[in-house]
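A.B. asks:
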Amino acid sequence: MAYVDLNPVRAKISDTPEQSAFTSIQLRIKAAIKGTQPQSLLSFTGNEHQHKKIGISFSLKDYLTLVGETGRILRDDKRGAISVKAINILVRLHIRAFV
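Start counting the sequence shown at 605; every next residue gets the next number (this note's numbering).
This is how it looks when you write it as C-alpha cells:
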C-alpha cells in the first residue's frame, strides 16, 4: 500500500504524498481533515492488540509517518523522493489536531 501511495513521488509527478492525485493516501488525508473515513477504503483500526476484526491493524498517524519517512529514502532506481528539507508530514498536515 505504501509503495503505491509513493509511486507519484518516486516518479517525480508530485513532491509529497498529499499532493499525489488518485492515491488512497490523498483520499485518507482529505477524509481525516473532515473527520470521516473514505467509504471506498478499508479503515485503519489502530494497534493490532485492539483485536478489531475488520480493518488495517495500523493507525492512520503511523501509516502517514511510515509513508513520509519511507518517501525520504533516496534510491538509485527511482527518480524522486520527498525532500529532506520538507517538514514532517504530520506537522505539515496538522495531524495531531484531528487524528
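We put the beta carbon where it would ideally sit given N, CA and C, even for glycine.
Hey, could you find the ends of the alpha helix (DSSP H) LEU610 is sitting in?
C.D. replies: By one-based count along the sequence shown, residue 610 stands at place 6. Looking at the DSSP string, the run of the alpha helix (DSSP H) that includes LEU610 is 606 to 614.
A.B. asks: What residue range is occupied by the uninterrupted alpha helix (DSSP H) comprising GLY672?
C.D. replies: The sequence position of residue 672 within the sequence shown is 68, counting from 1. Segment 664 to 674, the alpha helix (DSSP H) holding GLY672.
A.B. asks: Using beta-carbon positions only, say whether LEU694 and LEU668 come within less than 8 Å of one another.
C.D. replies: As a position in the sequence shown, residue 694 is number 90, starting the count at 1. As a position in the sequence shown, residue 668 is number 64, starting the count at 1. Taking 8 Å as the Cβ cut-off, LEU694 and LEU668 qualify as a contacting pair.
A.B. asks: Could you spell out where the alpha helix (DSSP H) holding LYS638 opens and where it closes?
C.D. replies: Indexing the sequence shown from 1 puts residue 638 at position 34. Taken as a continuous stretch (DSSP letters only), the alpha helix (DSSP H) holding LYS638 covers 628 to 638.
A.B. asks: Check this for me: beta carbons of ILE686 and THR620, under 8 Å apart or not?
C.D. replies: Residue mapping note: residue 686 aligns to position 82 of the sequence shown, counting from 1. Residue mapping note: residue 620 aligns to position 16 of the sequence shown, counting from 1. In this structure, THR620 lies closer than 8 Å to ILE686 by Cβ.
A.B. asks: Please report the straight-line C-alpha distance between LYS689 and PHE662, rounded to a whole angstrom.
C.D. replies: Mapped onto the sequence shown, residue 689 falls at position 85. Mapped onto the sequence shown, residue 662 falls at position 58. Computed Cα separation, rounded: 27 Å.
A.B. asks: Can you give me the C-alpha to C-alpha distance between ASP681 and LYS616, rounded to a whole angstrom?
C.D. replies: In the sequence shown, the residue the question calls residue 681 occupies position 77. In the sequence shown, the residue the question calls residue 616 occupies position 12. Cα to Cα, ASP681 sits roughly 13 Å from LYS616.
A.B. asks: Span of the alpha helix (DSSP H) holding LEU551?
C.D. replies: The requested residue 551 is not part of the displayed model; the chain covers only 605 to 703.
A.B. asks: Considering only C-alpha positions, which residue in the set ARG614, ALA606, MET605 and GLU622 is nearest to ASN692?
C.D. replies: Stepping through the sequence shown from its first residue, residue 692 is reached at position 88. With distances taken between Cα atoms, ASN692 lies closest to GLU622.
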